[in-house]
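Visitor: Structure in structure tokens, see below.
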Amino acid sequence: IALTAQMIDRFQSRFPGKTAFLHSGLSAGERIAQWKKIRNGEIKVALGVRSAVFAPFIKLGLIVVDEEQEASYKQFEGLRYNARDVALARAKLENAKVILGSATPSIETFYNAGKGRFSYLRLEHRIDKKPLPRVEIIDMTEADKKTWSFSNRFLDALKENLSNGHQSLILLNRRGYSPFLMCVDCGHTYKCPACSITLTFHKDTKTLNCHYCGSYLKPGDLCPKCGGSKRKYLGTGTQRVEEELCALIPELTLQRMDRDTTRKKLSHYRIVKDMENKKIDALLGTQMVAKGHHFPDVTLSAIVSADIALNLPDFRSAERAFQLFTQLAGRAGRGDFPGRAYIQSYEPGHYVFDYVKGHDYAGFYKKEMELRRELAYPPFSRLIRIILSFRTRDAAKKVIKEITGKIKRSAAQGVEILGPAPAPIEKIRNLWRWHLILKGKRSKTLRQAAGSILEQIRDVKNVRIDVDVDPINLL
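Residues in the sequence shown are numbered consecutively from -19, following this note's numbering.
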């Protein structure tokens, strides 16, 4: 929705009275009214999030999937689907065209284009032939630092940009104030009782929040384990970065944009408008600040901590990091002045940075394909993930022990079964989660193997079974 704040203005000015904006913020009545106008032909262009792919056009001619690599196109709850794949299937049924647009396409999409399954069109340069920003990786193990979060080099660049009258974008893909609140006396950290993750401290509400189930609690004055009163905030979120930057550069007009500051209706829109009107010197936020915005006066983009994206236990973590870093860098230098990007990392030797510095998608794609070929991960295979959720850990262990043999006996030739094993995030919303991943080159064989496993375990009681075909998240 943040991305479409600018897009809807452009589309409404180009197609006045003929554009619908579809998103989760609409009331039921507003959504029905929009859909009726689409159905009767009053609306010619529907702009929106993944649900827009189902807009009831009678004569559908074109579907544009902008930033086609985005994980937000995947529906994770209820009926799981990827809106990008739905767009391709719907276009085939209705004889329409599809444009999959991205400066950093998903590995699978680029692979399909290389195989001739899609036509490949490449923009050779930026609009008006603007130069790409210079990207510098700051080694935080060696850099002079004012605080744990900021190198002097980054702070000096931000001050210089401010004195030149230019704007800046700053990314930290972690909201809240601190991801850990620890008792100094005994080392106790506060964890969500419903999920197997630590609670994030939010300073504005003085609460410890779970970003998975939405629960929160007010920490007391004393440690619940030892009764100690000394605490330490470990790690950094957007709230803490905001506080520290405002203290270090008090003349900086800084606006934070994350889920916490954009809950109210039109809040995204107002922040984007303030940025366009230069009421803001620097926009700080989570990944939503990197997504497609066009701010001509932004000449500096920076990533406070790149390591958050690099170290996730998922084979796509490097791909997502490359996409995010490249997108954020690309927000700088889109106007009359050249741009520059600074990326702070404690792991500056990671191969992703070599390709981000050179804006080298082709090189990154080649490297990533080599790594995936070795392990037979997509696009050299397809995956089906089966998640089993239980009320208690003991029930999970008991059932898994009973069904593991059945699962292994269901293995088909050409299908590799990984697991069952505890999911990386083992507990969410009071459910203990185990998963198994089926990997195979042939879709038909893979589906048959999944069907056989589901047949073997369908009579198991007190278990919730979720099936995710072509999963984009293995957490």
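Note that beta-carbon positions come from the ideal geometry of N, C-alpha and C, so glycine has one too.
1. Check T187 in the structure and name its three-state DSSP category.
2. For K271 and H248, I'd like the C-alpha separation in whole angstroms.
3. Sorted by chain position, which residues of the same chain lie with C-beta nearer than 8 Å to V332's C-beta, five sequence neighbours on each side aside?
4. One question on the structure: do T218 and R243 come within less than 7 Å of each other, judged by their Cβ atoms?
5. Relative to the C-alpha of L411, which candidate in D108, Q428, P173, F(-9) has its C-alpha closest?
6. Just verifying my parser: in three-state terms, what is the DSSP assignment at L27?
7. Counting only runs of 3+ residues fully inside the segment 47 to 103, write out the beta strand (DSSP E) ranges in chain order.
8. Quick check: L418 and V395, are their CB atoms within less than 7 Å of each other?
9. Thinking C-alpha only, which one of T216, L398, S423, A137 is nearest I288?
10. With contact counted as at least three CB pairs below 8 Å, one residue from each stretch, are the segment 438 to 453 and the segment 360 to 377 in contact?
11. Specify whether the segment 313 to 333 and the segment 161 to 173 touch according to this definition: at least 3 beta carbon pairs, one from each stretch, less than 8 Å apart.
12. Counting pairs of beta carbons, one from the segment 185 to 199 and one from the segment 93 to 110, are three or more of them closer than 8 Å?
13. Could you tell me the distance, in whole angstroms, from the CA atom of K110 to the CA atom of G310?
14. Using C-beta distances below 8 Å, list every residue in its chain close to A391, excluding the 5 sequence neighbours before and after it, in chain order.
15. Check whether the Cβ atoms of L149 and V278 sit closer than 7 Å, and answer yes or no.
16. Skipping 5 residues on each side, what residues in its chain have a beta carbon closer than 8 Å to that of A401?
17. What does DSSP give as the partner residues of H415 in its beta bridges?
18. Which whole runs of the alpha helix (DSSP H) in the segment 217 to 289 are 4 residues long or more, in chain order?
19. In three-state DSSP terms, what is S143?
20. For V44, I'd like the list of residues in its chain whose CB is within less than 7 Å of its CB, leaving aside the five on either flank, ordered along the chain.
21. What residue from H273, S(-7), F317, G265 has the CA that sits closest to V284's CA?
22. Skipping 5 residues on each side, what residues in its chain have a beta carbon closer than 8 Å to that of G208?
23. Suppose you measure from the CA of L2 to the CA of A8; what does that come to, to the nearest Å?
24. Which partner residues of S131 appear in the DSSP bridge assignment?
25. Check the DSSP bridge columns for A0 and list the partner residues they point to.
26. Determine, using beta carbons only, whether F181 and Y157 come nearer to each other than 7 Å.
27. Out of I177, R114, D108, which one is the CA nearest neighbour of Y322?
28. Given 6 Å as the limit, tell me if L246 has its C-beta closer than that to any heavy atom belonging to the ligand GDP.
29. Between which two residues does the alpha helix (DSSP H) holding L434 run?
30. Pull the bridge partners of S(-7) from the DSSP assignment, please.
Guide: According to the data block:
1. Here T187 sits in strand by DSSP.
2. Approximately 13 Å between the Cα atoms of the pair.
3. Correct list, in chain order: L290, A298, A301, F302, F305, F344.
4. Contact flag unset, no.
5. Nearest neighbour of L411 by Cα position, chosen from D108, Q428, P173, F(-9), turns out to be P173.
6. L27: strand per DSSP, three-state reduction.
7. Uninterrupted beta strand (DSSP E) stretches at least 3 residues long and entirely within the segment 47 to 103 occur at 77 to 81, given in chain order.
8. With respect to V395, L418 sits close: the two C-beta atoms are nearer than 7 Å.
9. Among T216, L398, S423, A137, the Cα nearest to that of I288 is on T216.
10. By the criterion of at least three beta-carbon pairs nearer than 8 Å, the segment 438 to 453 is in contact with the segment 360 to 377.
11. Fewer than three Cβ pairs drawn from the segment 313 to 333 and the segment 161 to 173 lie within less than 8 Å of each other, which leaves the two stretches out of contact.
12. They do not touch, by the three-pair rule.
13. Within the model, the alpha-carbon separation for K110 versus G310 is close to 11 Å.
14. If we look at A391 and ignore the five residues flanking it on each side, its Cβ neighbours are I397, A429.
15. In this structure, L149 places its C-beta atom within 7 Å of the C-beta atom of V278.
16. Around A401, the same chain offers W414, H415, L416 as residues with beta carbons nearer than 8 Å, after the five sequence neighbours per side are excluded.
17. According to DSSP, which records beta bridges pairwise, H415 is partnered with I367, A401.
18. Segments of the alpha helix (DSSP H) lying fully in the segment 217 to 289: 218 to 228, 247 to 256.
19. Three-state result, S143: helix.
20. Excluding sequence neighbours, V44 sits near I79, G81.
21. Minimum Cα-Cα distance from V284 among the listed residues H273, S(-7), F317, G265 corresponds to G265.
22. Cβ neighbours of G208 beyond the five flanking positions: C163, V164, D165, C166, L202.
23. Cα to Cα, the separation comes out at about 11 Å.
24. Answer by DSSP bridge pairing, in chain order: K125.
25. BP columns for A0 point to A26.
26. Yes, they are a contact pair.
27. When C-alpha distances from Y322 are compared across I177, R114, D108, the shortest belongs to R114.
28. Ligands in the displayed structure: none, and consequently the ligand GDP is not present.
29. That run of the alpha helix (DSSP H) goes 423 to 437.
30. S(-7) is not bridged to any residue.
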